[in-house]
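Under UniProt numbering, the residue at position 101 of the sequence shown is numbered 101, and the numbers go up by one with no gaps.
Comments concern the structure below.
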Amino acid sequence: MNDFFGNETWIQAASFALRYEVFVLEQHIPPEWEFDALDTSQRNYFLLLDDLIPVATLRYQLKSETCFQPDRFCVAKPYRKKGIGRSLLFKAEQVAKNNGCRLSYLVAELTAQSFYERCGYVSCTPPFEEDGILCVGMEKIL
């Protein structure tokens, strides 16, 4: 498997294809909700490919100069529970840390809360609904 980071068109296209598969087709989130104003040509993405198949992606963004906000993070169904997501998240956190971030904040689906807890995140908000899915805010000191 190979990982990539950047805003090249092909990285974004592969990331969007995986997000469509996971969020729109699997979780039934309307595409107009999934793809938002933050999906610009300048936005960086992490992408993991198995040969040419996109298996994991994460939208890289900053909430502030010192706060990383990983977003639109997903792993293709056949590749889940194999440590791939954890590895990709840790790589993204390391890039953020190297760029001066001291905190990571994310919005986690309740079904993924335990995954993020195992990655060192703690809940910092009560549950709330986002795009029709119950979520919770979580943070981690980098």
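C-beta atoms are modelled at their ideal positions from N, C-alpha and C, and glycine is treated no differently.
Cβ separation of residue i and residue j, assumed to be a contact under 8 Å, to the nearest whole Å
| i | j | result |
| --- | --- | --- |
| E109 | F68 | About 19 Å; that fails the 8 Å criterion. |
| C101 | L62 | 7 Å |
| Y105 | G137 | 7 Å |
| Y60 | Y79 | So it is not a contact: roughly 20 Å between Cβ atoms. |
| M1 | L52 | Not a contact, Cβ separation roughly 11 Å. |
| C74 | V24 | Contact doesn't hold; Cβ gap of about 11 Å is too wide. |
Residues that DSSP places opposite residue i in a beta bridge
| i | result |
| --- | --- |
| I141 | L103 |
| V95 | Bridge partners of V95: none, in fact. |
| Y45 | G6, R59 |
| F68 | L62, S104 |
| V136 | A108 |
| residue 160 | It is not possible to answer for residue 160, since the shown part of the chain is limited to 1 through 142. |
Residue i: first and last residue of the uninterrupted alpha helix (DSSP H) it sits in
| i | result |
| --- | --- |
| L18 | 9 to 19 |
| R118 | 113 to 118 |
Exposure label - residue i; buried when at least 16 CB within 10 Å
| i | result |
| --- | --- |
| Q141 | For clarity, residue 141 is Ile in the given sequence; the question names Gln instead. When all chains shown are included, I141 counts as exposed. |
| T57 | buried |
| R72 | buried |
| R118 | exposed |
| A13 | exposed |
| A54 | The sequence as given places Pro at residue 54; Ala does not occur at that position. So P54 ends up on the buried side. |
| S15 | buried |
| V122 | exposed |
| residue 143 | The requested residue 143 is not part of the displayed model; the chain covers only 1 to 142. |
| G85 | buried |
| P70 | buried |
Range covered by the beta strand (DSSP E) that runs through residue i
| i | result |
| --- | --- |
| R59 | 53 to 60 |
| E34 | That residue, E34, is in no beta strand (DSSP E); its alpha helix (DSSP H) goes 31 to 34. |
| D131 | No beta strand (DSSP E) contains D131, which DSSP labels as neither H nor E. |
| C124 | Segment: none, C124 is in no beta strand (DSSP E) and carries neither H nor E. |
| R72 | 71 to 75 |
Any non-hydrogen atom of the ligand NAD within 7 Å of residue i CB
| i | result |
| --- | --- |
| E65 | Only the bare structure without any ligand can be found here, which leaves the ligand NAD out of the picture. |
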